[in-house]
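For reference, each letter of the sequence shown is one residue, going 3 to 178 in the numbering used here.
First up is the structure itself, then whatever we jot down about it.
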Amino acid sequence: MIETERLLLREYTPDDFDALYEIVSDPETMQHYPAPFDEARTKRWIDWNLENYRQYGFGLWAVVLKETGEFIGDCGITIQNIDGEMLPEIGYHIHKKYWRRGFAKEAARAVRDWVFQNTDYDTIYSYMKYTNVGSYSTAMANGMKKVKEYPDPKNTISYAYAIARDEWKKLKEQQV
């Protein structure tokens, strides 16, 4: 479990289905995906993350408000195909009623720190459809820089942002 000022990040359970489905079935929330998720795709999403926990020791984690215990999204690290390379990627989805309150930034920052403290990865990435301003703004707010723009059949064009371990160390030193 990862704890921030306002959030808890914990492993998914099958009981998270309804709250997750409310988020990922919403057309506005999923506008940067090929399509919103149906029930079967939502179940596969949870199962995929449960498998990631077993295989890698990480995945996307449920994001829960500490104050109320409400499930408001997910954030974590997965291995993704970024322009033909399998790379560690921070991803996030936050319920639209909680947008623009800094929750994605707070969760993604905690995941970024967790990755550098608990894995050997020297660089971590976030990638997104070129139209996803919220996603790349979150990446930049957490010290990531745009490192690649590439054609992607799923997204037309994808952007990849990254931060290296050395850059992260400098950021952490500045925050002290």
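No residue lacks a Cβ here, since even glycine has one placed at the ideal position from N, Cα and C.
Next on the checklist: Let me check understanding here. Comparing Cα to Cα, which of Ile-79, Asp-85, Val-135 lies closest to Trp-101?
Outcome noted: Within the sequence shown, residue 101 is the residue found at index 99, counting from 1. Checking every option, the nearest Cα to that of Trp-101 belongs to Val-135.
Checklist entry - Looking only at C-alpha atoms, which of Met-142, Phe-118, Asn-157 sits nearest to Asp-168? => result Numbered from 1 along the sequence shown, position 166 holds the residue referred to as residue 168. Measuring from the Cα of Asp-168, the nearest candidate turns out to be Phe-118.
Next on the checklist: Beta-carbon within less than 7 angstroms of Phe-19's beta-carbon, same chain only, minus the 5 sequence neighbours each way: which residues are those?
Outcome noted: Sequence index remark: in the sequence shown, residue 19 carries index 17 (1-based). If we look at Phe-19 and ignore the five residues flanking it on each side, its Cβ neighbours are Thr-44, Lys-45, Ile-48.
Checklist entry - Between the beta-carbon of Ile-79 and the beta-carbon of Phe-105, is there less than 8 angstroms? => result As a position in the sequence shown, residue 79 is number 77, starting the count at 1. As a position in the sequence shown, residue 105 is number 103, starting the count at 1. Cβ atoms of Ile-79 and Phe-105: not closer than 8 angstroms.
Item to check | Cβ pair Ala-112, Ile-92 closer than 8 angstroms | outcome: Looking up residue 112 in the sequence shown gives position 110. Looking up residue 92 in the sequence shown gives position 90. Between Ala-112 and Ile-92, the C-beta gap is not smaller than 8 angstroms, which leaves the two residues out of contact.
Checklist entry - So what does DSSP say about Glu-69, is it helix, strand or coil? => result Stepping through the sequence shown from its first residue, residue 69 is reached at position 67. Glu-69 falls in the coil class under three-state DSSP.
Item to check | Residue environment, Tyr-129, which counts as buried when at least 16 other CB atoms sit within 10 Å | outcome: As a first step, residue 129 is located in the sequence shown; it is residue number 127 there, counting from the start. Buried, since its Cβ has 16 or more Cβ neighbours within 10 Å.
Item to check | Secondary structure, alpha helix (DSSP H): runs of 4+ residues fully inside the stretch 6-72 | outcome: Complete alpha helix (DSSP H) runs here, min 4: 19-26, 41-58.
Item to check | Neighbourhood of Asn-157 by C-beta, 8 angstroms cutoff - its chain only, sequence neighbours within 5 removed | outcome: Here residue 157 refers to the residue found at position 155 when the sequence shown is read from its first residue. Excluding positions up to five away in sequence, the list reads His-34, Met-130, Lys-131, Tyr-132.
Checklist entry - Which same chain residues, not among the five before or five after Ile-4, have their C-beta less than 6 angstroms away from its C-beta? => result Along the sequence shown, one-based indexing puts residue 4 at 2. So the qualifying residues of the chain are Leu-11, Ala-112, Trp-116.
Next on the checklist: Is the separation between the beta-carbon of Tyr-161 and that of Lys-148 shorter than 8 angstroms?
Outcome noted: In the sequence shown, counting from the first residue as 1, residue 161 sits at position 159. In the sequence shown, counting from the first residue as 1, residue 148 sits at position 146. Taking 8 angstroms as the Cβ cut-off, Tyr-161 and Lys-148 qualify as a contacting pair.
Checklist entry - What does DSSP give as the partner residues of Ile-126 in its beta bridges? => result Position 124 of the sequence shown, counted from the first residue, corresponds to residue 126. DSSP output for Ile-126 lists Ile-165 as bridge partner(s).
Checklist entry - Straight-line CA distance for Phe-73 to Glu-53? => result Taking the first residue of the sequence shown as position 1, residue 73 is located at position 71. Taking the first residue of the sequence shown as position 1, residue 53 is located at position 51. Taking the straight line joining both Cα atoms gives about 20 angstroms.
Checklist entry - Would the beta-carbon of Lys-107 fall within 8 angstroms of that of Thr-31? => result As a position in the sequence shown, residue 107 is number 105, starting the count at 1. As a position in the sequence shown, residue 31 is number 29, starting the count at 1. Contact check for Lys-107 against Thr-31 fails: the beta carbons are separated by 8 angstroms or more.
Checklist entry - Of all the alpha helix (DSSP H) runs that stay within the bounds of the stretch 80-140, which reach a length of 4 or more residues? => result 105-120
Item to check | Closest Cα partner of Glu-122 within the set Tyr-58, Ala-37, Thr-15, Pro-16 | outcome: Numbered from its first residue, the sequence shown carries residue 122 at position 120. With the sequence shown as reference, residue 122 is identified as Asp, and Glu is not the correct amino acid for it. Nearest option by C-alpha distance: Tyr-58.
Checklist entry - Just checking my contact of Ala-143 with Tyr-163 at CB under 8 angstroms: how many whole Å lie between their CB atoms? => result Mapped onto the sequence shown, residue 143 falls at position 141. Mapped onto the sequence shown, residue 163 falls at position 161. Actually they are not in contact, since the Cβ atoms of Ala-143 and Tyr-163 sit about 11 angstroms apart, beyond 8 angstroms.
Next on the checklist: Which residue marks the beginning of the beta strand (DSSP E) containing Val-149, and which one marks its end?
Outcome noted: Mapped onto the sequence shown, residue 149 falls at position 147. Its beta strand (DSSP E) spans residues 147-154.
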